[in-house]
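Protein chains in written order, with this note's numbering: chain A, 438 to 715; chain B, 143 to 370.
Encoded as structure tokens, the structure appears first; notes follow it.
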Amino acid sequence: MMAANEQSDTRTPLIVAQNLTKSYGNTPVLHDFSLDVMQGEVVVLIGPSGSGKTTFIRTLNGLETVDTGRIVVNGTVLADNAVAGNKPHKPHHRTLQHVRRDVGMVFQQFNLFPHMSALENVMEAPVRVRKTPREVAKKRALELLDRMGLADRADHRPHELSGGQQQRVAISRALAMDPSAILFDEVTSALDPELVGEVLRAMRELAADGMTMIVVTHEMQFARQVADRVVMMAGGRLVEEGTPQQIFSSPKDPRTANFVRSIVSPDPVEGLERAQGS
Amino acid sequence: MSEIISWLPSLLQGLLVTVEITVVAMAVGLVLGIVLATMRLEPSNRWLYIPATVYIELMRGTPLILQLFFVYFALPAVNIHIDPFVAGVLAIGVNYSAYLSEVFRSSIRSVPRGQWEAASSLGMPRALIMWRIIFPQAGRLALPATGNYFIGLFKDSALASTISVTELLFSGQILAAQTFQYFKIYGVVALLYLLISYPTSLGLRALEKRIDLTSTRRSELRKVERTA
Numbered sequence: 438m439m440a441a442n443e444q445s446d447t448r449t450p451l452i453v454a455q456n457l458t459k460s461y462g463n464t465p466v467l468h469d470f471s472l473d474v475m476q477g478e479v480v481v482l483i484g485p486s487g488s489g490k491t492t493f494i495r496t497l498n499g500l501e502t503v504d505t506g507r508i509v510v511n512g513t514v515l516a517d518n519a520v521a522g523n524k525p526h527k528p529h530h531r532t533l534q535h536v537r538r539d540v541g542m543v544f545q546q547f548n549l550f551p552h553m554s555a556l557e558n559v560m561e562a563p564v565r566v567r568k569t570p571r572e573v574a575k576k577r578a579l580e581l582l583d584r585m586g587l588a589d590r591a592d593h594r595p596h597e598l599s600g601g602q603q604q605r606v607a608i609s610r611a612l613a614m615d616p617s618a619i620l621f622d623e624v625t626s627a628l629d630p631e632l633v634g635e636v637l638r639a640m641r642e643l644a645a646d647g648m649t650m651i652v653v654t655h656e657m658q659f660a661r662q663v664a665d666r667v668v669m670m671a672g673g674r675l676v677e678e679g680t681p682q683q684i685f686s687s688p689k690d691p692r693t694a695n696f697v698r699s700i701v702s703p704d705p706v707e708g709l710e711r712a713q714g715s
Numbered sequence: 143m144s145e146i147i148s149w150l151p152s153l154l155q156g157l158l159v160t161v162e163i164t165v166v167a168m169a170v171g172l173v174l175g176i177v178l179a180t181m182r183l184e185p186s187n188r189w190l191y192i193p194a195t196v197y198i199e200l201m202r203g204t205p206l207i208l209q210l211f212f213v214y215f216a217l218p219a220v221n222i223h224i225d226p227f228v229a230g231v232l233a234i235g236v237n238y239s240a241y242l243s244e245v246f247r248s249s250i251r252s253v254p255r256g257q258w259e260a261a262s263s264l265g266m267p268r269a270l271i272m273w274r275i276i277f278p279q280a281g282r283l284a285l286p287a288t289g290n291y292f293i294g295l296f297k298d299s300a301l302a303s304t305i306s307v308t309e310l311l312f313s314g315q316i317l318a319a320q321t322f323q324y325f326k327i328y329g330v331v332a333l334l335y336l337l338i339s340y341p342t343s344l345g346l347r348a349l350e351k352r353i354d355l356t357s358t359r360r361s362e363l364r365k366v367e368r369t370a
């Protein structure tokens with residue numbers, strides 16, 4: 438896990454985001470935000486809600502545009518210093534499709550296709566987008582579902598699955614495209630507490646296999662154990678970044694300290710007050 | 143009783159024409175309706191949105207019977223002569239497409255945004271997302287209202303009698319004018335309409351249940367197929 442950090446000087450990052458700004462009307466959501474992610478690195482984004490974490494990872498596959506800044510994903514330029522005040526720079530749809538085929542995304546609400554079985558959900562993009570032969574795609578999809586512990590759920594529709602199972606199908610669906618990186622957008626926030634573990638375990642295994650991951654989460658235990666780097670955001674800015682050890686045990690910025698305390702606080706009301714006081 | 147039997151051949155012939163009008167006009171309505179709904183999905187795309195909107199308001203804002211008269215009686219003035227059956231099917235189908243397009247548009251809009259996002263995040267192009275992800279879900283949402291319009295169209299097909307299409311109602315009128323047995327004849331005509339519309343509505347209800355995504359029946363079936 439340390440290897441990624443040591444090599445970061447000699448290799449080109451897989452994902453480059455430089456000086457991103459974005460605002461909705463007068464409300465800034467990203468403010469001169471920069472972040473590079475190396476191949477095989479697991480970066481966890483933390484911060485209070487509204488800090489721009491979700492917006493940021495959605496810019497990396499073009500679900501959101503930026504007002505200014507530069508985004509390069511695996512060599513493809515998604516945004517390049519679009520002029521402020523002009524219309525947000527909109528990449529060509531072919532560029533978007535190219536990047537999206539290479540960068541998977543897992544959503545808070547799973548967003549599985551409800552009219553398809555788990556297997557069909559996983560096979561859909563390889564068959565229709567990559568034109569993988571059906572039999573090949575099916576074999577691979579079954580392997581992925583099996584790896585996620587869902588071999589016996591392949592024929593089930595999403596509504597017949599628990600939230601945790603649905604989210605693992607969603608991870609399989611992203612993996613089926615053989616992505617260079619996967620974006621995780623608060624993927625355990627909509628789950629019942631007892632189902633969170635199974636999803637986090639699957640993500641930890643992915644990380645151990647060397648998948649490049651950018652993870653927005655409030656699961657601090659996961660961040661501590663799996664992240665190569667933790668990035669603290671607030672108000673669309675990067676507040677502080679470092680190893681989990683640095684961020685959780687000796688944060689430099691008081692906002693980070695407050696946020697970390699609010700998340701681990703056993704008293705939700707106290708936690709809320711602290712978070713709001715930050 | 144024997145007189146009713148003697149009327150049946152011409153009434154059944156009329157019923158057949160009624161069914162033909164219904165099926166063909168519905169097909170016209172569905173196809174045009176989907177096209178119109180797609181044209182109106184993005185209001186910012188003015189060249190598609192405005193013509194479709196004008197068309198829909200025109201069709202919904204004037205009586206269907208007037209539209210029938212227009213196609214059959216007014217178009218010959220500009221040298222367009224259309225066979226009564228075709229005129230009836232066209233006018234009714236075109237009229238219903240306006241209503242159906244609104245059903246389809248709201249159904250397409252009702253598919254959660256997350257479905258679009260998930261499909262795009264897999265790199266699926268727009269048309270493929272529409273075809274594979276949005277339409278199958280929107281179709282399910284649209285079925286109850288579409289079914290109602292289908293039965294409505296079946297009954298409205300009687301308006302074609304006003305432009306001399308010998309469908310069920312007109313067949314009855316002809317017999318009634320000959321025999322003056324209004325009560326019996328229109329009674330039988332009513333029964334014949336019900337004979338089609340009631341089973342159709344039952345069938346639609348069954349279809350709704352069958353394609354309901356929250357019913358577990360189908361995956362159970364698949365499981366049975368697999369283990370067998």
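Just so you know, even glycine gets a beta-carbon here, dropped at the ideal spot from N, CA and C.
6 Å Cβ shell around B:GLN279 - same chain, five flanking residues per side excluded: VAL253
Buried or exposed (CB count within 10 angstroms, at least 16 for buried), A:GLN546: Answer is buried; the Cβ neighbour count reaches 16.
At least 3 beta-carbon pairs within less than 8 Å: the stretch 579-598 of chain A vs the stretch 498-515 of chain A: no
Cα-Cα separation between B:GLY289 and B:TYR191, rounded to whole angstroms: Using only the alpha carbons, I get a separation of about 26 Å.
Near the ligand MG: A:PRO688 beta-carbon under 7 Å from a heavy atom: As far as ligands go, the structure on display features none, and thus does not contain the ligand MG.
Terminal residues of the alpha helix (DSSP H) in which B:MET181 lies: 144-181
C-beta neighbour in chain B for A:THR544, strict 8 Å: The question names Thr, but residue 544 of chain A is Phe in the sequence shown. Yes, A:PHE544 lies at the interface with chain B (some Cβ there is under 8 Å from its Cβ).
B:TYR214 versus B:ASP354 - alpha carbon distance: 42 Å
Same chain, Cβ closer than 8 Å to A:VAL606, five either side skipped, listed in chain order: PHE547, LEU549, ALA555, ASN558, VAL559, LEU582, MET585, LEU587, ARG590, PRO595, LEU598
Residue-chain proximity (A:GLU454, chain B), Cβ-Cβ < 8 Å: Rather than Glu, the amino acid found at residue 454 of chain A in this sequence is Ala. A:ALA454 does not count as touching chain B.
Beta-carbon contacts of A:LEU579 that lie in its chain and below 8 Å, excluding the five residues immediately before and after: LEU556, ALA588, ALA591
Between the CA atoms of B:LEU310 and B:LEU336 - distance to the nearest angstrom: 12 Å
Outcome for A:PHE621 when other beta-carbon atoms lying within 10 angstroms are tallied against a minimum of 16: buried
Three or more C-beta pairs below 8 Å linking the stretch 297-308 of chain B and the stretch 243-258 of chain B: no
Those runs of the beta strand (DSSP E) which lie wholly inside the stretch 640-709 of chain A and span at least 3 residues: 649-653, 666-671, 674-679
Partner residues on chain E for A:GLN534, Cβ-Cβ distance less than 9 Å: Given the protein chain composition of this structure (A and B), no chain E is represented.
Residue from B:GLY235, B:GLY230, B:ARG268, B:PRO185 with nearest C-alpha to A:HIS530: B:ARG268
Short CB-CB distance (under 8 Å) between B:THR356 and chain A: yes
Spatial distance of A:GLY634 from A:VAL481 (CA atoms): Taking the CA atoms as reference points, A:GLY634 sits about 17 Å from A:VAL481.
Distance between beta carbons of B:ASN237 and B:LEU217, contact taken as under 8 Å: Contact doesn't hold; Cβ gap of about 15 Å is too wide.
Neighbouring residues, chain B, relative to A:HIS596 (Cβ below 8 Å): LEU355, THR356
6 Å CB neighbourhood of A:LEU533 in its chain, flanking five on each side removed: GLY499
Start-to-end residues for the alpha helix (DSSP H) that takes in B:GLN209: 206-211
Contacting residues, own chain, Cβ-Cβ under 6 Å from B:ALA318 (five flanking each side not counted): TYR324, ILE327
Closest Cα partner of B:VAL400 within the set B:LEU333, B:LEU334, B:SER148, B:VAL166: Nothing in the structure corresponds to residue 400 of chain B, since chain B is present only between 143 and 370.
Beta carbon proximity, B:ILE275 to chain A, threshold 8 Å: yes
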